[in-house]
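Down below is the structure, laid out as structure tokens.
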Amino acid sequence: MKSLTLLVLTHIFLLAFASSAQGYAYDFFYFVQQWPGSYCDTSSGCCYPTYGKPPSDFGIHGLWPNYNNGSYPANCDPNNPFAISQIQDLVSSLQTNWPSLSCPSSDSSSFWQHEWDKHGTCSETVLNQHGYFQAALNLKSKTGLLSCLKSAGISPNGGSYTLTNVKAAIKTCIGHTPYVECNKDASSRYQLYQVYTCVDHSGTTLIDCPVFPTSGACPTSFIFPSF
């Protein structure tokens, strides 16, 4: 009887522990990159960072832990806030590859703070703060989206391209089908906005997406604006 009671109590404890830790668990990451031209030419416009106009390249939006059912954790640990001192050696690279285009102009650190506090803290059992930002920088280098698209004749020149060709070009380079998100410019034309690729639990290896986002779906063709 004592053994049975102990077994039941152990089971209850494990369930309680799993429940308390659920906010920190995740199945995979979305690695999201955005095209700055499509961010800036909407009716809302944009503001360049205080350190200057970003390169004409995809910029990092975020590295977001997700569940296989399409939901995601957020704001998992208010006791582990963003501290730029922990990523001081990455700041120069982050300014180039992860710039903020929101207004008013900033040094982009508020953007990084938001991403860490909302998303990064939910991966902290695997990636500490420095590891989180380093993983995102590594993934940007690994995916090379702009070069990938240009090699398939898809350039940010204001021309129109098909969703099929854009996805195929990226899959050729990275080996996995991406999710492509569109927004609308000031003239209400659909344009290439963000590209989602999926990454394993460690934040290092690209994988097939267990589930795709449902927002911002693109039509069969859209423009790729300049920046």
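Heads up: the sequence shown is residues -23 to -1, 1 to 204, going by mature numbering (1 follows the signal peptide of the UniProt record, and there is no 0).
From the three backbone atoms N, C-alpha and C, an ideal C-beta is built for every residue, glycine too.
query	result
Measure the CB-CB distance between L40 and Y109 and report whether it falls below 8 Å.	yes
CB of Y7 to nearest heavy atom of the ligand ADP: below 7 Å?	In the structure shown, the ligand ADP is absent, as is every other ligand, since no ligand is present at all.
I'd like the list of long-range same chain contacts for Y7, defined as Cβ closer than 6 Å, with 5 residues on each side in sequence excluded.	W41, N43, Y173
Within 10 angstroms of the Cβ of A51, are there 16 or more other Cβ atoms? Answer buried if so, exposed if not.	exposed
Compare the Cα-Cα distances from S85 to each of G97, T19, Y28 and report the closest residue.	Y28
Output needed for R166: all residues of its chain with C-beta closer than 8 Å, excluding positions within five of it in sequence on either side, in chain order.	F199, I200
For the structure I just gave you, are there three or more beta carbon pairs, one from the region 92 to 99 and one from the region 47 to 61, closer than 8 Å?	yes
Tell me the residue span of the alpha helix (DSSP H) that contains G108.	106 to 120
How would you call P81, buried or exposed, if buried means at least 16 neighbouring beta carbons within 10 angstroms?	exposed
Could you give the C-beta distance for C159 and G121, rounded to a whole number, given that I count them as a contact under 8 Å?	With 8 Å as the limit, C159 and G121 do not qualify as a contact, their Cβ atoms being about 21 Å apart.
Quick one: Cα of C186 to Cα of S77, how far?	26 Å
Contact check, L126 vs V143 under 8 Å by CB: the rounded distance?	7 Å
With distance defined between alpha-carbon atoms, name the residue in N45, K161, P32 nearest to D4.	N45
For V9, which residues in the same chain have their Cβ closer than 6 Å to its Cβ, ignoring the five residues on either side in sequence?	H38, G39, Q171, Y173
Beta carbon of Q106, beta carbon of I64: below 8 Å?	yes
Would you verify that the beta carbon of W93 is, or is not, closer than 8 Å to some beta carbon of chain B?	Absence of chain B from the displayed structure is noted, only one protein chain being present.
List the residues that DSSP assigns as beta-bridge partners of Y173.	V9, Y156
Looking at the secondary structure, which residues open and close the alpha helix (DSSP H) in which F35 lies?	Here F35 belongs to no alpha helix (DSSP H), and DSSP marks it neither H nor E.
Taking just the CA atoms, how far does L140 sit from S70?	30 Å
Taking 7 Å as the limit between beta carbons, can you name the residues of its chain near S83, skipping five residues before and five after?	P26, T27, S77
Considering only C-alpha positions, which residue in the set S128, S132, L114 is nearest to D66?	L114
Between the C-alpha atoms of F88 and V68, what's the straight-line distance to the nearest angstrom?	12 Å
Could you tell me the boundaries of the beta strand (DSSP E) in which S198 lies?	198 to 200
Kindly list the residues whose CB is nearer than 8 Å to the CB of K161, restricted to its own chain and excluding five residues on each side of it in sequence; keep chain order.	T19, Y167, Q168
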